[in-house]
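Asker: The structure is given below, and queries will be raised subsequently.
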Amino acid sequence: MMKKTLTVLSLSLGLLLPLSTFAKNNVVVVATGGTIAGAGASSTNSATYTAAKVPVDDLLKAVPQIQNLANVTGVQALQVASESITDKELLTIARKVNELVKKPDVNGVVITHGTDTLEETAYFLSLTVHTDKPIVVVGSMRPPSALSADGPLNLYSAVALAAADNAKAKGVFVLMNDDIFAARDVTKTINIHTNGFASQWGALGTLVEGKTYWFRNVAKRFNNASEFNIENIQGDALPLVQIVYGSGNMLPDAYKAYAKAGAKAIIHAGTGNGSVAKNIVPTLNELQKQGVQIIRSSRVPQGFVLRNAEQPDDQYNWVVAHDLNPQKAKLLAALALTKTRDAKEIQRMFWEY
Ligand code: DGL
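Going by mature numbering (1 follows the signal peptide of the UniProt record, and there is no 0), the letters in the sequence shown line up with residues -23 to -1, 1 to 330, in that order.
This is the structure:
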């Protein structure tokens, strides 16, 4: 109805804007850097390049076809390789996206991002930005300077998804290699191929030639259903949470060092079912008593951590990360700690998000 009204208005006022302008949604591309904005020395450098070089306007100019999908404008929020994103940059991205989705004339947002921590940013947006509008995080595995670069088509598809009315209220997406993933369970599984992202629960759908095909929905809380809100987070840092990677011959020193550095929770990326070596248990229990929340995740990419299986989590007052990988558990734990230090409340959040 709105588009029809605007079209009639433009006719009556004799505005010069083409009618098609009002027939399309408005999408803003928020650029943050990464390989999708990278530059290699030659077209055969598909893996050797410098990330975060190409500015957002050049990214958009390189894919003029996106203007057929939506009225697309760009914002350069950052220009970084994503492995270097700290809480400060993450909060900057979330605040910018939140500001944009609150604008009535913005229908969808695309974030171009390095693929290394793309899944974390997407999940954080899913937990903290209250909106029904499509938010799509996209990257590329090859720089635009490479033969068969994947970035241009990924960007085209991401804009198509952000402009799609049927993508509303479905959560934050990661669009890579024609797949539409849910922010909460997508992860980077291959670090050198264009099919580098996957979810153990499968994609939500796929996007081909600008058209969306949906096959499932997210079963967990996101966006408007979240108890977290970027508008309630002050400053440039979240409560400190760190990850310790499990293996054989573990030493307790890393956990103690993180606690000493101020960590309020430690994600144990354990072997198997988030297992804890018996020589480590006393240290984790001591830290738990000191108020550092212990959260068991797993280094194993699929499955989920069972509570009270090999480890008596109820007795130790530990939390299990369920199916969240360590890096996502770290973000949810940080947000949980903005609200509570109670282990049972934190565990509820890990069941629900
Ligand atoms: N430095 C990595 C990053 O910015 C490059 C990987 C990529 O963007 O695909 O995440």
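The beta carbon of each residue, even a glycine, is placed where N, CA and C say it ideally should be.
In this text the structure is predicted, and so the values were computed from the model without any measurement.
Counting pairs of Cβ atoms below 8 Å between the region 9 to 26 and the region 115 to 125, do you hit three or more?
Answerer: The answer is yes - the region 115 to 125 touches the region 9 to 26, with three or more Cβ pairs under 8 Å.
Asker: Just the C-alpha distance for ILE88 and VAL7, rounded to the nearest angstrom, thanks.
Answerer: Rounded to the nearest angstrom, the two C-alpha atoms are 5 Å apart.
Asker: Shorter than 8 Å, the distance from the beta carbon of ASP156 to the closest heavy atom of the ligand DGL, or not?
Answerer: No - the ligand DGL has no heavy atom lying nearer than 8 Å to the Cβ of ASP156.
Asker: At 3 residues or longer, what runs of the beta strand (DSSP E) sit wholly inside the region 12 to 91?
Answerer: Listed in chain order, they are 48 to 57 and 85 to 89.
Asker: Where are the beta strand (DSSP E) runs, 3 residues long or more, that stay fully inside the region 252 to 298, in chain order?
Answerer: Counting whole runs of 3 or more residues, the region 252 to 298 contains the beta strand (DSSP E) stretches 270 to 275.
Asker: Taking just the CA atoms, how far does GLY173 sit from ASN2?
Answerer: Those two C-alpha atoms are separated by around 30 Å.
Asker: Given a cut-off of 9 Å, decide if VAL136 and ILE257 are closer than it, judged by their beta-carbon atoms.
Answerer: In this structure, VAL136 does not lie closer than 9 Å to ILE257 by Cβ.
Asker: Would you say the beta carbon of LEU132 is closer than 8 Å to some non-hydrogen atom of the ligand DGL?
Answerer: No, the beta carbon of LEU132 sits no closer than 8 Å to any heavy atom of the ligand DGL.
Asker: Is there at least one non-hydrogen atom of the ligand DGL closer than 8 Å to the beta-carbon of HIS107?
Answerer: Result no, Cβ not under 8 Å from the ligand DGL.
Asker: Comparing C-alpha positions only, which one of LYS197, ILE271 and ASN143 sits nearest to TYR190?
Answerer: When each option's Cα is compared against that of TYR190, the closest is ASN143.
Asker: Determine the extent of the alpha helix (DSSP H) in which THR98 is found, giving its start and end residues.
Answerer: Looking at the DSSP string, the run of the alpha helix (DSSP H) that includes THR98 is 95 to 105.
Asker: CB of GLU60 to nearest heavy atom of the ligand FMN: below 8 Å?
Answerer: Looking for the ligand FMN in the displayed structure turns up nothing; the ligands present are the ligand DGL.
Asker: Assuming ALA236 is part of the alpha helix (DSSP H), what are its boundary residues?
Answerer: Segment 230 to 237, the alpha helix (DSSP H) holding ALA236.
Asker: Taking the alpha-carbon of GLY17 as reference, which of TYR26, LEU184, GLY10 and ASP319 has the nearest alpha-carbon?
Answerer: Of TYR26, LEU184, GLY10 and ASP319, the residue nearest in Cα terms is TYR26.
Asker: With a CB to CB cut of under 7 Å and the five nearest residues on each side skipped, what residues in its chain are close to VAL40?
Answerer: If we look at VAL40 and ignore the five residues flanking it on each side, its Cβ neighbours are PRO129, LEU132 and TYR133.
Asker: List the DSSP bridge partners of VAL114.
Answerer: BP columns for VAL114 point to ILE88 and VAL151.
Asker: Suppose the cutoff is 6 Å on Cβ atoms and the five residues either side in sequence are ignored; what does the same chain contact list for THR50 look like?
Answerer: Only VAL5 meet the Cβ criterion.
Asker: Give the straight-line distance between the Cα atoms of LYS321 and PRO259, rounded to the nearest whole angstrom.
Answerer: Each residue's alpha carbon lies about 21 Å from the other.
Asker: What residue does the alpha helix (DSSP H) around ASN131 start on, and which one ends it?
Answerer: Segment 128 to 139, the alpha helix (DSSP H) holding ASN131.
Asker: Just to confirm before moving on: does the CB-CB distance between GLY182 and MET153 stay below 9 Å?
Answerer: In this structure, MET153 does not lie closer than 9 Å to GLY182 by Cβ.
Asker: Which residues share a DSSP beta bridge with ILE220?
Answerer: ILE244.
Asker: The ligand DGL and ASP64: does the residue's C-beta get closer than 8 Å to at least one heavy atom of that ligand?
Answerer: Result no, Cβ not under 8 Å from the ligand DGL.
Asker: Indicate, with yes or no, if the ligand DGL has a heavy atom lying under 8 Å from the CB of LEU95.
Answerer: At least one heavy atom of the ligand DGL is nearer than 8 Å to the Cβ of LEU95, so yes.
Asker: Indicate whether the contact test is met: 3 or more Cβ pairs, each with one atom in the region 311 to 325 and one in the region 185 to 199, closer than 8 Å.
Answerer: Touching, no.
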